[in-house]
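Numbering (my numbering), first residue to last: 68 to 254.
Using N, Cα and C, we set each Cβ at its ideal position, and we do this for glycine too.
These notes are about the structure you will find just below.
What follows is the structure in structure tokens.
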């Protein structure tokens, strides 16, 4: 497969990191302010007259972001209608299953712009299969579709903006690249 290069912007959040194309993917572990950062971009877009729809896999995440579930939006706007938004913010993208991405993929060649946010260290889709075969947990993270929807732009948030610093430092040490990631768990 082809190697895809991302234009990475490292930041602390606060909406200051904005690629020229307007399309991007915001990543970072829990508490780095992904939703707040993309939410600020949504406010700017709406002030500019853009229609922005917001989706996420779970009811809790979609409600927190001010949107609807991805399943509802895809059924209503892709399968049984046509989207009327200029921009689609897909929150918690690592939790969407391949069936939803197959439908969202239909929009990749339209003028619609995408804002994506996620933490690939969180759980992957439950029961993620295609034609009876299990889809690997990392398949979407390395896909061409993700690169296309994000416009090749990734904002990586690394600074704690929500949690207590001690707690953030601890759980960030447990993920890949963290100081405790390689430690063996006692039997």
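Since I believe residue j is in contact with residue i (beta carbons under 8 Å), could you give me their beta-carbon distance rounded to a whole number of angstroms?
i           : j           : result
residue 170 : residue 145 : 5 Å
residue 96  : residue 239 : 6 Å
residue 138 : residue 167 : 7 Å
residue 153 : residue 118 : 5 Å
residue 121 : residue 133 : 6 Å
residue 212 : residue 101 : Not confirmed; about 20 Å, so no contact.
residue 114 : residue 162 : No, residue 114 and residue 162 are not in contact; Cβ-Cβ is about 29 Å, not under 8 Å.
residue 159 : residue 185 : 6 Å
Residue i to residue j, Cα distance in whole Å?
i           : j           : result
residue 252 : residue 236 : 19 Å
residue 157 : residue 217 : 10 Å
residue 249 : residue 206 : 23 Å
residue 220 : residue 147 : 31 Å
residue 183 : residue 208 : 12 Å
residue 243 : residue 188 : 8 Å
residue 92  : residue 193 : 22 Å
residue 74  : residue 233 : 31 Å
residue 227 : residue 127 : 22 Å
residue 247 : residue 99  : 19 Å
residue 215 : residue 103 : 23 Å
residue 245 : residue 110 : 33 Å
residue 149 : residue 94  : 28 Å
residue 155 : residue 179 : 7 Å
residue 130 : residue 222 : 23 Å
If you reduce the DSSP assignment to three classes, tell me which class residue i lands in.
i           : result
residue 93  : strand
residue 251 : coil
residue 141 : helix
residue 259 : With the chain covering only 68 through 254, there is no way to say anything about residue 259.
residue 193 : coil
residue 246 : coil
residue 201 : strand
residue 215 : helix
residue 75  : strand
residue 228 : coil
From what residue to what residue does the beta strand (DSSP E) around residue i run?
i           : result
residue 189 : No beta strand (DSSP E) contains residue 189, which DSSP labels as neither H nor E.
residue 221 : 220-224
residue 120 : 119-123
Note the first and the last residue of the continuous alpha helix (DSSP H) segment covering residue i.
i           : result
residue 207 : Counting along the chain, residue 207 falls outside any alpha helix (DSSP H), and DSSP gives it neither H nor E.
residue 153 : That residue, residue 153, is in no alpha helix (DSSP H); it is neither H nor E in DSSP.
residue 313 : Because the chain here runs from 68 to 254, residue 313 falls outside it and cannot be looked at.
residue 160 : Run containing residue 160: none; DSSP gives neither H nor E here.
residue 129 : 126-132
residue 104 : 101-114
residue 166 : 165-171
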